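Visitor:
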Amino acid sequence: MTRWARIILFTSTLLVPSLDAWGELRFPPPEFESGYQFPQTTTPAARPVVYEYIDAAVLLAALSLATYLILKRRSRRAVYVLMISALLYFGFWRDGCICPIGAIQNVTLTIFDSSYAIPITAGIFFALPLVFTLFVGRTFCGAVCPLGAIQDAVLIHPVAVPGWLESGLRLGAYTYLGAAVLFAAIGNAFVICRYDPFVGFFRLTGNWNVLIIGASLLLIGLFIGRPYCRFLCPYGVLLRHASRLSRWRVTITPNECIQCRLCEGVCPFGAIREPTGDWPRGEYKIAKRRLALFLLLLPVLVVAAGWGGYTLKERLARVHPRVRTAERVYLEETGKVEGTTDASNAFRATGRTSEELYQEATAIRERFALGGALLGGFLGLVAGGKLVTLSVRRRRTDYEADRASCFACGRCYQYCPKERERWKQGKEAVAGR
Amino acid sequence: MADNSNNINRRKFLREGLWGACLGGLGAAAGLTAARNNRDNMVWQIDPNLCIQCGNCATYCVLEMSAVKCVQAYALCGYCDLCTGYLVPEPTALDTSAENALCPTGAIKRTFVEDPYYEYTIDESLCNGCGKCVKGCLAFGNGSLFLQVRHDRCLNCNECAIAAACPSRAFKRVPADQPYLLKGVERTQ
Chain A
-5 MTRWARIILF TSTLLVPSLD AWGELRFPPP EFESGYQFPQ TTTPAARPVV YEYIDAAVLL
55 AALSLATYLI LKRRSRRAVY VLMISALLYF GFWRDGCICP IGAIQNVTLT IFDSSYAIPI
115 TAGIFFALPL VFTLFVGRTF CGAVCPLGAI QDAVLIHPVA VPGWLESGLR LGAYTYLGAA
175 VLFAAIGNAF VICRYDPFVG FFRLTGNWNV LIIGASLLLI GLFIGRPYCR FLCPYGVLLR
235 HASRLSRWRV TITPNECIQC RLCEGVCPFG AIREPTGDWP RGEYKIAKRR LALFLLLLPV
295 LVVAAGWGGY TLKERLARVH PRVRTAERVY LEETGKVEGT TDASNAFRAT GRTSEELYQE
355 ATAIRERFAL GGALLGGFLG LVAGGKLVTL SVRRRRTDYE ADRASCFACG RCYQYCPKER
415 ERWKQGKEAV AGR
Chain B
7 MADNSNNINR RKFLREGLWG ACLGGLGAAA GLTAARNNRD NMVWQIDPNL CIQCGNCATY
67 CVLEMSAVKC VQAYALCGYC DLCTGYLVPE PTALDTSAEN ALCPTGAIKR TFVEDPYYEY
127 TIDESLCNGC GKCVKGCLAF GNGSLFLQVR HDRCLNCNEC AIAAACPSRA FKRVPADQPY
187 LLKGVERTQ
């Protein structure tokens, strides 16, 4: 080794203050004479992966049973028992994690972050209820989801929500879904988990603010059936649209509708649709014009809402911890605030320059500009699409459960006289045997 | 009406097509993720080299008593009499009396090994993960004390509440079969 190399090596050791990097310690561990044995640092193992597979198997079994009880047995009581069991298992026993609603974010992160690999159970929890819904409707919502179950169990005096309000409030669920995907993809945050209103009840501990949100939702849920499911649940949005395409579905009557109107208004979730005829002659022309107007309005809404989302980029980006740190460091360096925070101290300890941090923050803001525009456009599309579908009249001859909104809870069965007739026949058949 | 039944057929065709596309899409997504999925679950862990002992671990965990605990890398420990992770900055005496102890919950046990060395072990049922001892040990000692998520306690939330509040981004998802990021190397004598 040349002299210069030695000097450079020596000075560089002085420049690096890190102890660990050089394997040096301030106080070298002693050489004991008393035969002292160094204890090992204990490492308690994580929950064995086999339990995750058990959870997935329980989910599959619960979904199959729910489907049988709702579509074949047509028994509200049995569905209720299954719902409470699912609440106890997935909610109180498994502490509410992982759930299909939160798994949306794991799936999103898998798509956008190449360093993240989705755990197989998260994938199963995301896909299984969707597949079931594509075949048999939202049996997951009715009998398996612990968040739905806790709200269903507290519903004592259902109050009807007018259709226009229901549709308007439902935009909340679309917003939540869009925001959850956006923040999971580029914001480094799982907002669905952060603001899960009921997980605190399952664990009997949690963040006070979120517990208060959960308690208010349960209070509202005493009178308005399943408010989270109808107006907030992001997974419910996916299930709604899957359910529209489902092969089989809940029918209020087991055979034929006799138009007795006994089931009218008994659905606490406003999912029973009345029979409709064609437009009245005079209204048809107005409706046609309205439809044309809304179809023209649709792209305008998409662009306007997309622009609105774009302008929110600065605020949206603040969800990302890097951006918050960059803003704080900027304020500190320009002398606009006194003192430092944990985050800015931690950043300085990494030894990187603030320029690098600002560049990183700018890149994240750019991503949020695109993401915000897409989120806004998506919401504009949803609102415009709703206006369009409202001005189209579907023909229905019978009382039907709405494909999208029906939670498959089985409440309406008991109000159908045809269903009662079937029970009676079934009982007689058993007695006569 | 003839055109009406046509209409229904078209709607049915669209619905069937969409249904097939949804199912196919889910299948394709499942296949793609299966190719790069992780058989093992992911769990949360603290990178001790990034941790700044801010104290959030003690307060942000969803558990009543945080799943984050201080652990001792015995191979790195200096077994000092004047342990800055165990004793308050200006102790009246180098002993086990409560007024000299830095730990707010009294979770560190000090036992005499041989002159002048003392062993420091953590009683995890008392430790609340505040990191005060870790800070003290790093500042003037060897840095053998550090914080780790203990997986016999951790609920493994989909998003760790402490990770969301961690100012130094020290929380990471790690594979469940190697769930610890330990400091130093294990040493036996």
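So the sequences go chain by chain: A and B.
Read in order, the letters of the first sequence correspond to residues -5 to 427 in my numbering.
Read in order, the letters of the second sequence correspond to residues 7 to 195 in my numbering.
For every residue, glycine included, the Cβ atom is placed at its ideal position computed from N, Cα and C.
As the structure is a prediction and not an experimental result, all values here were calculated from the model.
Counting contacts by CB-CB distance shorter than 8 Å, is A:L19 in contact with chain B?
Guide: So yes, A:L19 belongs to the interface.
Visitor: When you compare each of A:F195, A:A56, A:L351 and A:Y278 to B:L69 by their alpha carbons, which one comes out closest?
Guide: Of A:F195, A:A56, A:L351 and A:Y278, the residue nearest in Cα terms is A:F195.
Visitor: So does the segment 37 to 44 of chain A actually touch the segment 166 to 177 of chain B, counting three or more Cβ pairs closer than 8 Å?
Guide: Counting Cβ pairs under 8 Å, fewer than three are found: no touch.
Visitor: With 8 Å set as the bound, which would you pick, yes or no: does the beta-carbon of A:C187 sit closer than that to a beta-carbon of chain B?
Guide: Chain B, which has a Cβ nearer than 8 Å to the Cβ of A:C187, makes this yes.
Visitor: According to DSSP, is B:T90 part of a helix, a strand, or is it coil?
Guide: DSSP places B:T90 in coil when its eight states are reduced to three.
Visitor: Could you check if A:I206 is buried or exposed, using at least 16 other CB atoms within 10 Å of its CB as the buried criterion?
Guide: By the neighbour-count rule (16 or more Cβ atoms within 10 Å), A:I206 is not buried but exposed.
Visitor: By Cβ distance, which residues of its chain are closer than 8 Å to B:N62, with the 5 residues on each side in sequence left out?
Guide: Cβ neighbours of B:N62 beyond the five flanking positions: I168, A171, C172 and P173.
Visitor: Look at the Cβ atom of B:L82, then the Cβ atom of B:G190, and state whether they are nearer than 8 Å.
Guide: In this structure, B:G190 lies closer than 8 Å to B:L82 by Cβ.
Visitor: Confirm the yes/no value for this check: CB of A:F225, any heavy atom of the ligand GTP, distance under 7 Å.
Guide: Inclusion of the ligand GTP in the displayed structure is not the case, the ligand content being empty and no account of it being possible.
Visitor: Given this structure, state the Cα-to-Cα distance separating A:V231 from A:F225, to the nearest angstrom.
Guide: Looking at the two C-alpha atoms, the distance is approximately 9 Å.
Visitor: List the whole-angstrom C-beta distance separating A:W242 from A:L65, where the pair is believed to meet the contact cut-off of C-beta under 8 Å.
Guide: Yes, A:W242 and A:L65 are in contact; Cβ-Cβ is about 6 Å, under 8 Å.
Visitor: In the DSSP output, which residue or residues are listed as bridge partners for B:I114?
Guide: Its beta-bridge partners are B:I128.
Visitor: Which residues does DSSP pair with B:M48 in a beta bridge?
Guide: Looking at the DSSP assignment, B:M48 forms a beta bridge with B:P181.
Visitor: Let's test the definition: count the other Cβ atoms within 10 Å of the Cβ of A:N182 and tell me whether it reaches 16, buried, or not, exposed.
Guide: Under this definition A:N182 is a buried residue.
Visitor: Check whether chain B comes within 8 Å of A:E326, counting only Cβ atoms and requiring the distance to be less than that.
Guide: False, the Cβ-Cβ gap to chain B never drops below 8 Å.
Visitor: Taking only beta-carbon atoms, is A:E394 less than 8 Å away from chain C?
Guide: Absent from the structure is chain C; the protein chains it does hold are A and B.
Visitor: Could you work out which residues of chain A lie near B:V119, taking near to mean beta carbons separated by less than 8 Å?
Guide: Here the neighbours are F26, S28 and Y30.
Visitor: Leaving out the 5 sequence neighbours to the left and right, which residues in its chain are closer than 7 Å to B:A8 when beta-carbon positions are compared?
Guide: With a pLDDT of only 45 at B:A8, under the threshold of 50, the placement of this residue in the model should not be trusted; the figure read from the coordinates follows. Within the same chain, B:A8 has no close Cβ partners at all.
Visitor: When you check each C-beta in the segment 167 to 198 of chain A against every C-beta of chain B, which residues fall closer than 7 Å?
Guide: Listed in sequence order: A183, F184, C187, R188 and R197.
Visitor: Between the beta-carbon of B:K75 and the beta-carbon of B:C109, is there less than 8 Å?
Guide: The answer is no: Cβ separation not under 8 Å.
Visitor: A:R397: which of A:V175, A:L351, A:T133 and A:E422 sits nearest, CA to CA?
Guide: It is A:T133 whose Cα lies nearest to the Cα of A:R397.
Visitor: Three or more beta-carbon pairs under 8 Å between the segment 128 to 142 of chain A and the segment 255 to 273 of chain A, yes or no?
Guide: With the cut-off at 8 Å, the segment 128 to 142 of chain A and the segment 255 to 273 of chain A do not touch.
Visitor: Looking at A:T102 and A:A154, is the spacing between their C-beta atoms short of 8 Å?
Guide: Cβ atoms of A:A154 and A:T102: not closer than 8 Å.
Visitor: For A:K418, report the span of its alpha helix (DSSP H) as first-last.
Guide: First-last of the alpha helix (DSSP H) with A:K418: P411 to G426.
Visitor: With DSSP run on the structure shown, which of helix, strand or coil describes A:T127?
Guide: Helix, per DSSP.
Visitor: Hey, A:G117 and B:A34: beta-carbon distance below 8 Å or not?
Guide: No, they are not a contact pair.
Visitor: Taking Cβ-Cβ distances below 7 Å as the criterion, which residues of the segment 26 to 41 of chain B are in contact with chain A?
Guide: The segment 26 to 41 of chain B vs chain A, Cβ under 7 Å: C28, L29, L32, A36 and T39.
Visitor: Taking all protein chains shown into account, do 16 or more other C-beta atoms lie within 10 angstroms of the C-beta of A:V10, making it buried, or fewer, making it exposed?
Guide: Only weak support is given to the placement of A:V10: the predicted model assigns it a pLDDT of 43, under 50, and the value that follows is read from those uncertain coordinates. So A:V10 counts as exposed.
Visitor: Buried or exposed for B:N162, please, with buried defined as at least 16 other CB atoms from any protein chain shown within 10 angstroms of its CB.
Guide: It is buried - the Cβ of B:N162 has at least 16 other Cβ atoms within 10 Å.
Visitor: I want to know whether the segment 19 to 28 of chain A touches the segment 106 to 123 of chain A - three or more CB-CB distances under 8 Å.
Guide: The answer is no - the segment 106 to 123 of chain A does not touch the segment 19 to 28 of chain A, with fewer than three Cβ pairs under 8 Å.
Visitor: If we count the other Cβ atoms within 10 Å of its Cβ and call it buried at 16 or more, is B:S131 buried or exposed?
Guide: B:S131 should be labelled exposed.
Visitor: Does the count of Cβ pairs from the segment 143 to 159 of chain A and the segment 276 to 286 of chain A closer than 8 Å reach three?
Guide: As far as the Cβ criterion goes, the segment 143 to 159 of chain A does not touch the segment 276 to 286 of chain A, which means the pair count is below three.
Visitor: How would you list, in chain order, the residues of chain A whose beta-carbon sits under 9 Å from the beta-carbon of B:Y80?
Guide: Those within 9 Å of B:Y80 in chain A are P23, F32, P33, Q34 and T35.
Visitor: Use the C-beta contact count for A:G333: other C-beta atoms within 10 angstroms, 16 or more gives buried, fewer gives exposed.
Guide: Its Cβ having fewer than 16 others within 10 Å, A:G333 is exposed.
Visitor: Output the distance between the C-alpha atoms of A:S69 and A:A167, rounded to the nearest integer angstrom.
Guide: Distance between the alpha carbons of A:S69 and A:A167 is about 29 Å.
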